[in-house]
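K.L.:
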Amino acid sequence: EAQVTQNPRYLITVTGKKLTVTCSQNMNHEYMSWYRQDPGLGLRQIYYSMNVEVTDKGDVPEGYKVSRKEKRNFPLILESPSPNQTSLYFCASSSTGAALNTEAFFGQGTRLTVV
Amino acid sequence: ELKVEQNPLFLSMQEGKNYTIYCNYSTTSDRLYWYRQDPGKSLESLFVLLSNGAVKQEGRLMASLDTKARLSTLHITAAVHDLSATYFCAALGAGSYQLTFGKGTKLSVIP
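For the record, the sequence lines run as chains A and B.
Note that our numbering has the first sequence beginning at 1, numbered continuously upward.
Note that our numbering has the second sequence beginning at 1001, numbered continuously upward.
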């Protein structure tokens, strides 16, 4: 079954403790991206990746890092989380990266709370 | 900087009625996407609109794109309760792979 898998689904952590949210897709997609969703703000893109070793900033990259060492995986790293990073995070992937002509598949989301 | 604006943000409509959600974007865009999100769930892709005049239909939903007006519409025909959800449009900046979303339209279809 084609899917995007995020882990964990729920995470409560303390300020400053480094964490990684994993994202994996089984569709051989070139394009992967991370978003955060906050009430009243819709979804905002954090980072995206066109292919292995190719990443770029979205609208709200501050405080986040990503890496794309393999095509299927695109982890989101918070080196020093702060309470303003409490949010619902989604990973997504799509094929035909250069043109993005096709639909995106979204993971189930990770609800992160930073206290 | 590409900005995407949806109207209305909240929509309550009766079953059987028709309505349109509007999505305006501020600069040239290469692609326009529509997504649906049910409460507590992830996003589901509805339509990908690739060029001026593009029209796509699936069931009671029809999406169109007017690149000259920088406007996409999502038209709902004879609404049913199952269509209650939040609908997002998103635009890809011209020559870019950065995706910008609107704030979403929360649709409630009441009997």
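Note that beta-carbon positions come from the ideal geometry of N, C-alpha and C, so glycine has one too.
#1: So Met50/A contacts chain B; which residues on that side make the cut at Cβ distance below 7 Å?
#2: Glu30/A: beta carbon under 8 Å from a heavy atom of the ligand GTP?
#3: So which residues on chain B does Ala2/A lean against when the C-beta distance must stay under 9 Å?
#4: Examine chain B for any beta-carbon lying closer than 9 Å to the beta-carbon of Glu103/A, and answer yes or no.
#5: Using only alpha-carbon positions, find the residue among Leu1107/B, Lys1103/B, Ser1108/B and Val1109/B that is nearest to Cys1023/B.
#6: Does any CB atom of chain A fall closer than 9 Å to the CB of Glu1015/B?
#7: Give the single residue among Glu53/A, Asp38/A, Pro81/A and Ser33/A whose Cα lies nearest to the Cα of Tyr47/A.
#8: Which residue from Lys65/A, Ile77/A, Ser82/A and Ser95/A puts its Cα closest to that of Ala2/A?
#9: Can you name the residues that DSSP bridges to Ala1085/B?
#10: Rounded to whole angstroms, what is the Cα-Cα separation between Leu1071/B and Thr1028/B?
#11: According to DSSP, is Asn84/A helix, strand or coil?
#12: State whether the segment 65–82 of chain A contacts the segment 41–56 of chain A, with contact taken as three or more CB pairs (one from each stretch) at a distance under 8 Å.
#13: Report the neighbours of Gly42/A on chain B: residues whose CB is nearer than 7 Å to its CB, in chain order.
#14: Looking at the C-beta of Leu1061/B, does it have a partner C-beta in chain A at a distance below 9 Å?
#15: Quick check on DSSP: helix, strand or coil for Ala2/A?
#16: Between which two residues does the beta strand (DSSP E) carrying Ser1072/B extend?
#17: Quick one, are the C-beta atoms of Leu1043/B and Phe106/A less than 9 Å apart?
#18: On the criterion of 16 or more Cβ atoms from any shown chain inside 10 Å, does Arg36/A qualify as buried, or is it exposed?
#19: Excluding sequence positions up to five away, which residues of its chain have a Cβ less than 6 Å from the Cβ of Asp1030/B?
#20: For Cys91/A and Leu1065/B, I'd like the C-alpha separation in whole angstroms.
#21: Pop quiz: Thr15/A and Pro81/A are said to be a contact at Cβ under 8 Å. What is the actual Cβ separation, rounded to whole angstroms?
#22: Closest Cβ-Cβ distance between Gly63/A and chain B: below 9 Å?
#23: Considering only DSSP beta bridges, list what Gln108/A is partnered with.
P.N.:
Let me lay it out:
#1: Within chain B, the residues near Met50/A are Tyr1097.
#2: Because no ligand of any kind appears in the structure shown, any question about the ligand GTP cannot be addressed here.
#3: At a beta-carbon threshold of 9 Å, none of the residues of chain B lie near Ala2/A; the nearest stands roughly 12 Å away.
#4: With a threshold of 9 Å between beta carbons, Glu103/A makes contact with chain B.
#5: That would be Lys1103/B, whose Cα lies nearest to the Cα of Cys1023/B.
#6: So no, Glu1015/B is outside the interface.
#7: Comparing Cα positions, the closest option is Ser33/A.
#8: Ranking Lys65/A, Ile77/A, Ser82/A and Ser95/A by Cα distance to Ala2/A puts Ser95/A first.
#9: According to DSSP, Ala1085/B bridges with Leu1107/B.
#10: Taking the straight line from one Cα to the other gives about 11 Å.
#11: In the structure shown, Asn84/A sits in a helix (DSSP, three-state: H, G or I).
#12: Yes: the two stretches touch, three or more of their Cβ pairs being nearer than 8 Å.
#13: The contact set of Gly42/A on chain B, defined by CB atoms closer than 7 Å, consists of Phe1088, Phe1101, Gly1102, Lys1103 and Gly1104 in chain order.
#14: So, not an interface residue.
#15: Coil, per DSSP.
#16: Segment Leu1071 to Ile1076, the beta strand (DSSP E) holding Ser1072/B.
#17: Yes. Within cutoff.
#18: A residue is called buried once 16 or more other Cβ atoms fall within 10 Å of its Cβ, and Arg36/A is buried on that count.
#19: Excluding sequence neighbours, Asp1030/B sits near Leu1092 and Ala1094.
#20: Taking C-alpha positions only, Cys91/A is separated from Leu1065/B by approximately 26 Å.
#21: Between Pro81/A and Thr15/A the Cβ distance is about 6 Å, and since that is below 8 Å, they are a contact.
#22: It does not; no Cβ of chain B falls within 9 Å.
#23: In the DSSP output, where bridge partners are listed per residue, Gln108/A has none listed.
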